[in-house]
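Accompanying notes for the structure given below.
Structure (structure tokens):
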């Protein structure tokens, strides 16, 4: 019952992306008008296509790949307007899609191993090799840190 919710480009990854595609994961373009329709359709397909006693877990790859100084400043401005914390090294995630999934699949989401929403952040050191597929194929190491909340 694990479904991936991520950028459409993830579906193009050899083997892994294809397996996510064929396991009915949800891929978005980051254009809300089209993503809203995709979410509405795909959530309904999941709810209608499985028995009532079948539950789902969602792995959502939200923000992070679009980090620029301009986006960070926009995020800080939005945070001030909405009385949210200003993040120094991150941009605030957009929550419309998350909220839509939570409301649309209410009662069908399986939280594993403990009920809750988990925040995973992966960061790469600037003093090591870039985390690319080419780096991986060449056998070069890149340093990463994983934060789980």
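Numbering (my numbering), first residue to last: 515 to 663. Positions of the beta carbon are idealized from the N, C-alpha and C atoms, including for glycine.
Rounded C-beta distance between residue 553 and residue 522? I'm assuming under 8 Å.
As a first step, residue 553 must be located in the chain shown, where it is residue number 39. As a first step, residue 522 must be located in the chain shown, where it is residue number 8. At roughly 13 Å, the Cβ-Cβ gap does not stay under 8 Å, so residue 553 and residue 522 are not in contact.
Using only alpha-carbon positions, find the residue among 635, 547, 548 and 594 that is nearest to residue 662.
The sequence position of residue 662 within the chain shown is 148, counting from 1. For the residues 635, 547, 548 and 594, the minimum Cα distance to residue 662 belongs to 635.
With C-beta atoms as the reference, is residue 623 less than 8 Å away from residue 570?
Position 109 of the chain shown, counting from 1, holds the residue named residue 623. Position 56 of the chain shown, counting from 1, holds the residue named residue 570. Taking 8 Å as the Cβ cut-off, residue 623 and residue 570 qualify as a contacting pair.
Using only the alpha-carbon positions, how far apart do residue 532 and residue 637 sit?
For this step, residue 532 is matched to residue 18 along the chain shown. For this step, residue 637 is matched to residue 123 along the chain shown. One C-alpha to the other measures close to 25 Å.
Could you spell out where the beta strand (DSSP E) holding residue 636 opens and where it closes?
As a working mapping, residue 636 is identified with position 122 in the chain shown. Residues 634 to 638.
By the three-class DSSP mapping on this structure, what secondary structure does residue 612 have?
Residue numbering aside, residue 612 sits at position 98 when the chain shown is read from its first letter. Residue state, collapsed to three classes: helix.
According to DSSP, is residue 666 helix, strand or coil?
This structure cannot speak to residue 666, because the chain is shown only from 515 to 663.
Using 8 Å as the threshold, is the segment 635 to 654 in touch with the segment 592 to 601, meaning 3 or more CB pairs across them?
No: the two stretches stay apart, fewer than three of their Cβ pairs being nearer than 8 Å.
At what residues does the alpha helix (DSSP H) containing residue 647 begin and finish?
For this step, residue 647 is matched to residue 133 along the chain shown. That run of the alpha helix (DSSP H) goes 647 to 652.
Under a three-way DSSP split, which group does residue 516 fall into?
The residue labelled residue 516 in the question sits at position 2 within the chain shown. Correct three-state label for residue 516: strand.
Looking at residue 621 and residue 549, is the spacing between their C-beta atoms short of 8 Å?
Residue numbering aside, residue 549 sits at position 35 when the chain shown is read from its first letter. Residue numbering aside, residue 621 sits at position 107 when the chain shown is read from its first letter. Going by C-beta atoms, residue 549 is not nearer than 8 Å to residue 621.
Flag residue 526 as yes if its beta-carbon sits less than 8 Å from any beta-carbon of chain C, otherwise no.
Of the protein chains in the structure, only one exists, and it is not chain C.
For residue 571, which three-state DSSP category applies?
Start at 1 with the first residue of the chain shown, and residue 571 comes out as number 57. Here residue 571 sits in strand by DSSP.
May I ask you to report which of helix, strand or coil DSSP gives residue 643?
Numbered from its first residue, the chain shown carries residue 643 at position 129. Here residue 643 sits in coil by DSSP.
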